[in-house]
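There are 2 protein chains.
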Amino acid sequence: MQTLLIVSHPDIIDSGSQQYFLNAIKNEENITIHHLEEQYPDEKIDIAKEQQLLSKHDRIIFQFPFYWYSATPLLKKWQDEVLGEGFGYGTRKKPLDGKEFGLVMMIGVAEREYQAGGEELFTISELTKPFQAMANKLGMTYLRPLSIFQFFYLEEEQKMDYLIQYWQMLMMDKEKSLANREKWLIDQLEKTQNTSAAPNTLRFAIDQIQTNRDKMDELKMVLDDMFLD
Amino acid sequence: MQTLLIVSHPDIIDSGSQQYFLNAIKNEENITIHHLEEQYPDEKIDIAKEQQLLSKHDRIIFQFPFYWYSATPLLKKWQDEVLGEGFGYGTRKKPLDGKEFGLVMMIGVAEREYQAGGEELFTISELTKPFQAMANKLGMTYLRPLSIFQFFYLEEEQKMDYLIQYWQMLMMDKEKSLANREKWLIDQLEKTQNTSAAPNTLRFAIDQIQTNRDKMDELKMVLDDMFLD
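Listed in order, the protein sequences are those of chains A and B.
Take the first sequence: its letter number 179 is residue 179 in the UniProt record's numbering, and every next letter is one higher.
Take the second sequence: its letter number 16 is residue 16 in the UniProt record's numbering, and every next letter is one higher.
Here it is as structure tokens:
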């Protein structure tokens, strides 16, 4: 599976969260990192080139800071120009039909505020309806998004937990069984061992698998007890 | 009441709908038409000037084509930069608190598609949640939006019906009683008679009032009949 990660941020160098996540995938073969502001400093988007890039990938991810509950200006421009009539919609042929679409959003406000009665009033699912509608229009499968809340305040372990979810979002096939996730994580780990990735990340990932296994063992014991009677 | 109409369209000269509506209000004293692409051809927004402009108005309207279920790139840039920390949020003082906020959207797809089971899947109310959340965050009152569907295909009379709604959106105080709407429309008409506005528009507006009056008269007769027994 080939993933196209379309990143947009008006000031990416100063964004700790963007740097953290992008660093962790920079050597992945199956991910194309496509940073719009870097690619188009004059904001003149090469539409044909972008459409070709989309055609070559199976999963398309938008990664951006969630300012005013929406994408960045340049990412919106990219949507309006690249996904125009004849490519995005308006013809019988839908070039993106059957591909997967997902969002990775860096969010400055705490998760608990995104609900009725919270300061932000609506849930992330409600606020991202324009993107769900876009995926629907293009015939794409909308993935569960990755919302990263208040990255700046997180403990190291919480950051790593997000990192594993990020890896999964970008690289893991959609099968959702525990066995599959475990297998995928082990593969990912083995690859990571052969590169210079942070040993902390490695340690954390191993712990994650171990925790999962322990939970499975506990569950198995409970079930065994039940059927002994 | 002073209204600030913030218009954004990547190609406004070629937009028949934009020209139609903007022409109809160009001589109104209480509306400031603020076209972002014209004001900032290099897209460098004068933040202090924009914030000052906002402070001087009571009702703020965004007018834009509803591409990919959201605002234009330049309007999003305006939101991100002008409504930044310290002005839009992040301080105890909310400079826009108590003002009114509304959307005027030109929409290319038929209204019936904006619902569950329709091609667009979601309603306009669902898709505009990011703007509702913005108004909430800024302490502004969110007005019922004006969604103009498939303007290009409309009959002249339907266009005029939208035009009256547009006038109301930009100029009419929020009181919603029929008497108020009638009074407002008559005032508006008298003003229009003194300018060079289209006689068709005038005729149509008079018909609207007459229709309203006829309906009231009918209702009154029904009520009278009921209480005669």
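A virtual CB, placed ideally from N, CA and C, is assigned to each residue, including glycine.
Since this is a predicted model, take the numbers as computed values, not measurements.
task = Report the option in S147(B), F62(B), D58(B) and A133(B) whose CA atom is closest to the CA atom of residue 236(B).
result = The first residue shown for chain B is 1 and the last is 229, placing residue 236(B) beyond what the model contains.
ask   = G102(B) by DSSP, collapsed to three states: which one?
value = Collapsing the DSSP output to three states places G102(B) in a strand.
query = What's the C-alpha gap between E100(B) and N136(B)?
reply = If you take the alpha carbons of E100(B) and N136(B), they lie about 11 Å apart.
query = Using a Cβ cut-off of 7 Å, which residues of the stretch 114-136 of chain B contact any Cβ in chain A, in chain order?
reply = Listed by position along the chain: E120, L121, F122, E126, L127, K129, P130, A133, M134 and N136.
key: Of the residues G118(A), E81(A) and L138(A), the one placed nearest G102(A), counting alpha carbons only   = Between G102(A) and the set G118(A), E81(A) and L138(A), the nearest pair of CA atoms involves L138(A).
request  = Can you tell me the Cβ-Cβ gap for E126(A) and E119(A), rounded? I've got them flagged as a contact below 8 Å.
outcome  = Going by Cβ atoms, the distance from E126(A) to E119(A) rounds to 14 Å, so no, they are not a contact pair.
ask   = Relative to the ligand SAM, is the shortest distance from any of its heavy atoms to the C-beta of N27(B) smaller than 7 Å?
value = In the structure shown, the ligand SAM is absent, as is every other ligand, since no ligand is present at all.
message = Against S70(A), what residues of chain B qualify as contacts under a CB-to-CB distance less than 7 Å, listed in chain order?
response = Residues of chain B passing the Cβ test: S70, K76 and P130.
Chain-ordered chain B contacts of P73(A) [CB-CB under 8 Å] = Chain B residues near P73(A): P73, L74, K76, K77 and D80.
ask   = Of all the options F87(B), Y89(B), P130(B) and I107(B), which has the alpha carbon lying nearest to the alpha carbon of S15(B)?
value = The shortest Cα separation from S15(B) among F87(B), Y89(B), P130(B) and I107(B) belongs to I107(B).
message = Is the separation between the beta-carbon of D80(B) and that of Y67(A) shorter than 8 Å?
response = In this structure, D80(B) places its C-beta atom within 8 Å of the C-beta atom of Y67(A).
inquiry  = Using 8 Å for Cβ pairs, my map puts I31(A) next to L5(A). What's the rounded Cβ distance?
reply    = About 6 Å; that satisfies the 8 Å criterion.
inquiry  = Against Y153(A), what residues of chain B qualify as contacts under a CB-to-CB distance less than 7 Å, listed in chain order?
reply    = At a beta-carbon threshold of 7 Å, none of the residues of chain B lie near Y153(A); the nearest stands roughly 16 Å away.
message = Please state the DSSP three-state secondary structure of R144(B).
response = Three-state result, R144(B): coil.
request  = Quick one: give me the first and last residue of the beta strand (DSSP E) that V82(A) is part of.
outcome  = Unbroken run through V82(A) is the alpha helix (DSSP H), P73 to V82; no beta strand (DSSP E).
query = Hey, out of K44(B), H9(B) and W184(B), whose CA is closest to P65(B)'s CA?
reply = Closest in C-alpha terms to P65(B), from the list K44(B), H9(B) and W184(B), comes H9(B).
query = Apart from the five residues on each side of it in sequence, which residues of its chain come closer than 7 Å, Cβ to Cβ, to I12(A)?
reply = Taken in chain order, the residues that qualify are Q18, H35 and E37.
query = So what does H34(A) bridge to, in DSSP terms?
reply = According to DSSP, H34(A) bridges with I6(A).
ask   = Just the Cα atoms here: how many angstroms apart are Q168(B) and W78(B)?
value = For Q168(B) and W78(B), the distance between alpha carbons rounds to 25 Å.
ask   = When the cut-off is 8 Å and only beta carbons count, does Y142(B) lie next to chain A?
value = Judged by the 8 Å Cβ criterion, Y142(B) is not in contact with chain A.
ask   = Expressed to the nearest angstrom, what Euclidean distance is found between the alpha-carbon atoms of D225(A) and N212(A)?
value = D225(A) and N212(A) have their C-alpha atoms roughly 20 Å apart.
query = Comparing the C-beta of Y67(A) with each C-beta of chain B, is any distance below 8 Å?
reply = Closer than 8 Å: yes.
ask   = Between the Cα of L143(A) and the Cα atoms of P73(A), V104(A), D207(A) and R92(A), which residue gives the shortest distance?
value = Ranking the options by Cα distance to L143(A), first place goes to V104(A).
ask   = By DSSP, does Q150(A) sit in helix, in strand, or in coil?
value = It is coil, neither helix nor strand.
ask   = Looking only at DSSP bridge pairs, what is residue 231(A) linked to?
value = Since the first and last residues shown for chain A are 1 and 229, residue 231(A) lies out of range.
message = Between V82(B) and Q51(B), how many whole angstroms is the CB-CB distance? I'm expecting something under 8 Å.
response = Sure, about 6 Å apart at Cβ, within 8 Å.
request  = Just confirm the distance between the C-beta atoms of K129(B) and K76(A), as a whole number of angstroms; I'd bet it's less than 8 Å.
outcome  = Wrong, their Cβ atoms sit about 16 Å apart, outside the cutoff.
request  = Per DSSP, which residues does residue 230(A) bridge with? Please list them.
outcome  = Outside the shown range of chain A (1 to 229) lies residue 230(A), about which nothing can therefore be said.
task = Report yes if the CB atom of L121(A) is closer than 8 Å to the CB atom of A133(B), and no otherwise.
result = Yes, the pair counts as a contact, with Cβ atoms nearer than the cut-off.
query = For I25(B), which option in I209(B), Q188(B), L219(B) and E218(B) has the closest C-alpha, if you only look at C-alpha atoms?
reply = Residue Q188(B) holds the alpha-carbon nearest to the alpha-carbon of I25(B) among I209(B), Q188(B), L219(B) and E218(B).
key: Own chain, CB closer than 6 Å to P73(B), minus 5 neighbours either side, in chain order   = Cβ neighbours of P73(B) within its own chain (closer than 6 Å, five residues either side excluded): none.
task = Output the boundary residues of the alpha helix (DSSP H) element that contains I124(A).
result = Its alpha helix (DSSP H) spans residues I124 to L127.
key: Buried versus exposed, by CB contacts within 10 Å (16 or more), G88(B)   = By the neighbour-count rule (16 or more Cβ atoms within 10 Å), G88(B) is buried.
query = Do you know whose CA, among K191(A), L185(A) and Q210(A), lies nearest N27(A)'s CA?
reply = For N27(A), the closest C-alpha among the options K191(A), L185(A) and Q210(A) is that of K191(A).
Close beta carbons around D214(A), own chain, < 8 Å, minus the five adjacent residues each side = For D214(A), where only same-chain residues beyond five positions count, there are no Cβ hits under 8 Å.
ask   = What's the gap between the Cα of G86(A) and the Cα of D46(A)?
value = In a straight line, the C-alpha of G86(A) is about 16 Å away from that of D46(A).
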